[in-house]
Structures are given as structure tokens and as C-alpha cells.
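Visitor: Going left to right, the sequence shown walks through residues 33 to 372 as my numbering numbers them. We treat Cβ as the ideally placed atom computed from N, Cα and C, and that holds for glycine.
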Amino acid sequence: MEENIKQLTDTTLANIAACDTGAQLNDIRIGILGKSGALTALLKSMKDIPPEKRPEVGKIVNVARERLEAAIADRQAVIEQQELDRRLQSEKIDISIDVPTPCAGGYHPLTLIRNRIVDFFSSLSFVVDEGPEIETDYYNFEALNIPADHPAREMQDTFFVTDKFLLRSQTSAGQIRMMEKVKPPIKMISPGRVFRADEADATHSPVFHQVEGLVVDKGITMCDLKGILDLFAKKFFNENTQTRFRPSYFPFTEPSVEVDASCSQCGGKGCRVCKGTGWIEILGAGMVNRNVLKNCDIDPDIYTGYAFGVGLDRITNIIYGINNLRTVYENDIRFLKQFN
Ligand SMILES: [Zn+2]
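(1) Is DSSP giving P332 helix, strand or coil here?
(2) So, at 6 Å on beta carbons, what are the nonlocal neighbours of K76 in its own chain, with the 5 sequence-adjacent residues on each side left out?
(3) Give me the DSSP bridge partner(s) of A339.
(4) Enumerate, from N- to C-terminal direction, the unbroken beta strand (DSSP E) stretches of 3 or more residues contained entirely within the segment 105 to 146.
(5) Among V360, R366, D364, which has the Cα closest to the Cα of L144?
(6) Below 8 Å on the Cβ atoms is my guess for E231 versus L198; work out the distance and round it to an integer in Å.
(7) Tell me whether the beta-carbon of G310 lies closer than 8 Å to the beta-carbon of S288.
(8) Are there three or more Cβ pairs, one per stretch, closer than 8 Å when the segment 42 to 62 is compared with the segment 103 to 112?
(9) To test your reading of the DSSP string, which unbroken alpha helix (DSSP H) runs of 4 or more residues are found completely within the segment 186 to 225?
(10) Is Q297 close to ligand 2? I mean its beta-carbon at under 7 Å from any heavy atom of the ligand.
(11) CB of G353 to nearest heavy atom of ligand 1: below 7 Å?
(12) Taking 7 Å as the cut-off, is the CB of C135 close to at least one heavy atom of ligand 1?
(13) Classify Q370 as buried or exposed, calling it buried when 16 or more other Cβ atoms lie within 10 Å of its own Cβ.
(14) I believe L65 touches R97 by the beta-carbon criterion, under 8 Å. Please report the beta-carbon distance rounded to the nearest angstrom.
(15) Using the Cβ count rule (16 or more neighbours within 10 Å means buried), how would you classify K124?
(16) Taking V150 and I221 to be in contact with their CB atoms under 8 Å, please state how far apart those CB atoms are, rounded to whole angstroms.
(17) Ordered along the chain, which non-local residues of its own chain (more than five positions away) have a Cβ less than 8 Å from that of A102?
(18) Can you name the start and end residues of the alpha helix (DSSP H) that E34 belongs to?
(19) Look at G245 and A175 and say whether their C-beta atoms are less than 8 Å apart.
(20) Within the continuous beta strand (DSSP E) that includes Q293, where are the two ends?
(21) With DSSP as the reference, identify every bridge partner of R13, one or two as the case may be.
(22) DSSP on I312, reduced to helix/strand/coil?
(23) How would you call S204, buried or exposed, if buried means at least 16 neighbouring beta carbons within 10 angstroms?
(24) Hey, could you find the ends of the beta strand (DSSP E) L64 is sitting in?
(25) Within 7 Å: the Cβ of C328 and any heavy atom of ligand 1?
(26) Rounded to whole angstroms, what's the CA-CA distance from D59 to D117? Just pull it up for me.
(27) Taking 7 Å as the cut-off, does the CB of V305 come closer than this to any heavy atom belonging to ligand 1?
(28) I'd like the list of long-range same chain contacts for H140, defined as Cβ closer than 7 Å, with 5 residues on each side in sequence excluded.
(29) Give every residue of the same chain whose Cβ lies closer than 6 Å to the Cβ of Q274, excluding the five residues on either side of it in the sequence, and list them in chain order.
(30) What residue from D42, I208, P238, T43 has the CA that sits closest to P164's CA?
(31) At the level of alpha carbons, what is the spacing between D2 and D195?
(32) Would you say L74 and I104 are within 8 Å of each other, going by their C-beta atoms?
As C-alpha cells, then:
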């Protein structure tokens, strides 16, 4: 009997130690301690034992029972802990996942070049004055020596807002506004957007940018114009850059010139960028037409001046080697990222 109890206890303890689910453990418990369990059956067979031995055997059975109950309770605790761990593991939320780092914005290439131009002229004490984008016919044409019947009006396809108002087709309108406000000496630049009814293609856009410059004082000559534009070209391309003037025509300047800079790509030898000429056209300029000064109540016999208009988009394309103007306006983030 004693031997039976020991064997049963050892086997059951081993089974308890080996089981790893609550259901298995429950089966073991019922199998040994339940109503028809093995240990219960042993207890029932006590009646076959001689009465004097019963207390001793009873004690052994009770000890076995306590050991088994304790082992089941311990194992139960371990299994519950394991099941809890498993559940926590499976329901765990991974908060360490990578999130995209926020990217910093940057300046548009046109803004970068505009800022450089503004910085350059500001350092030479030019004031910056941005005129309105919606202008009257008077400021955009009439006062700039382009009367209603002037053929130069056909050089520019203008967007009209109403009969009286239009989207300025040139920043030159800013010259008139400045000369009305301030008497000479005047040194100003007027950067801004201009509008013309052009189809967008590799070299045209209905919206583009200019930086207008104007200097009016006593004794201003073409030499001053040449000097400042030469300095500008050297600053913008490199210190070996040369400039040259070619005769041109603008209604608001007389004489008028197109200004070329020697090609910084090939140093003037001729390459694809300068189409083999060694020169790149960078802006239009000239001495302020006497009629324009008169329109602003400035005496052309006392004062003279020069004006220039830089095509900002053109300069930007040259500096960054952009060969399609459309890429500048499409706002493709991959393109814009290259500049910052
Ligand atoms: Zn070249």
C-alpha cells in the first residue's frame, strides 16, 4: 500500500512538472484527486486495511495528497504566468517603428538668385522697391514712352484685367513710380513678377521674373552703366567674366543695349552653353530716355540716368545649368531639393 502510494505520487509529480497547459493540469488533478481519482480510490480501499494500521496509512495518504495539491498549485501559477507572458508578447505594440523625419523647407532657386541680386545691389546702396503687379496702362506703357499707337506694344502680349488695368508686362513700371515719389539722386532696384500671354515652353512662361534697376543723378553716363554691370557679372559668374554691349532698342532707353557676359562654362572659347559664341546674353539696359524723365518731372538737361532689366529666370537657368524653364515652375520636390 505504502509502495503504491509512493509510486503514484512520484509518477503524478513528474506528470505535473511536465504539463504546460491549464487543461492538461486539470486532467491530472481530476485523474488523481477527483471523485474517481487514483488517490481517492486508494482512500476508499482503506476499509480493507487492518484497523490498527489505518491511522499510519491515512497519514501517508494525506501527506501525499498535500504534496500533490501543493505541486498542482505551484504548477498552476507557473502555467498562468507563462500564458500571461505569451499573451503580452502577442499583443505587444512596437512603438519603436521608424517614422519619416520631417524635412526642412528651402528656398526656390529663383528666390536664391533673386536674394543674391538684391544683396549685391543693396550693398551698393540701391534701395529695393517692389511695385504693384496690377498696373495701369499709364505706368506700364504710356509713361515709359510707349504711347497707344506705338509698335513696341505689339512686342509684348499683355494680360488685361479690365480696360484700365493690366498685369504688368515689365518691372520697368516701377521706375516711373519711383521717380514720381523721389527726386534725384535715385538708386533703386525693383524685383518682381511680370506677366505676358506666352505659351509655356522650354524658354517661355506666362509668368516670369525681372529685376529692374534705375539710377538717376547729375552726370550719370554709359560708363557708370558699363561699370556696374561689369561688377555684377563678375560677382555672379566669376572674376574673369567680361561684358560687352550690343546696340538694341527699348522705347524707354536711348541709347539701348543688350548686355552679354563671357561664357563662364568655356571662358569664351565657345561651347554648347553659349552655342559656340563664347557669350551669353544676360540683360537689357540703356540710358533713360529723355521723354521718360520729362514724364516724371525730372529735367533731362540737368539729370541723366541708366536703367537695366535682368531676366531673373534666365540668370537662374544660366547659373544652375537648367535647360528647361518649365522645371523651375513645376515644383517637383526632387528638382527643388537639389538647391538646398
Ligand atoms: Zn561657352
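Guide: The structure says:
(1) coil
(2) none
(3) Bridge partners of A339: L246, G318.
(4) Those beta strand (DSSP E) runs which fall completely within the segment 105 to 146 and span 3+ residues do not exist here.
(5) Taking only the C-alpha atoms, the option nearest L144 is V360.
(6) In this structure, E231 and L198 do not form a Cβ contact; the two beta carbons are roughly 19 Å apart against a cut-off of 8 Å.
(7) Going by C-beta atoms, G310 is not nearer than 8 Å to S288.
(8) With contact defined as three or more Cβ pairs closer than 8 Å, the segment 42 to 62 and the segment 103 to 112 are in contact.
(9) 205 to 213
(10) By its list of ligands, the structure shown excludes ligand 2, since it contains just ligand 1.
(11) No, the beta carbon of G353 sits no closer than 7 Å to any heavy atom of ligand 1.
(12) no
(13) exposed
(14) 7 Å
(15) K124 comes out exposed.
(16) Going by Cβ atoms, the distance from V150 to I221 rounds to 7 Å, so yes, they are a contact pair.
(17) Within the same chain, and ignoring the five residues on either side of A102 in sequence, no residue has its Cβ closer than 8 Å to its Cβ.
(18) 34 to 50
(19) no
(20) Here the sequence assigns Ala to residue 293, which means Gln is not the residue at that position. Its beta strand (DSSP E) spans residues 285 to 294.
(21) Nothing about residue 13 can be read from this structure; the chain reaches only from 33 to 372.
(22) strand
(23) buried
(24) The residue asked about is misnamed: residue 64 is Ile in this sequence, not Leu. Per DSSP, I64 belongs to no beta strand (DSSP E); it is in the alpha helix (DSSP H), 54 to 65.
(25) no
(26) Distance from the CA of D59 to the CA of D117, rounded to the nearest whole angstrom, comes to 23 Å.
(27) Result yes, Cβ under 7 Å from ligand 1.
(28) L368
(29) S294
(30) I208
(31) Look at the range of the chain in this structure, 33 to 372, and you will see that residue 2 is not part of it.
(32) A distance of 8 Å or more separates the beta carbons of L74 and I104.
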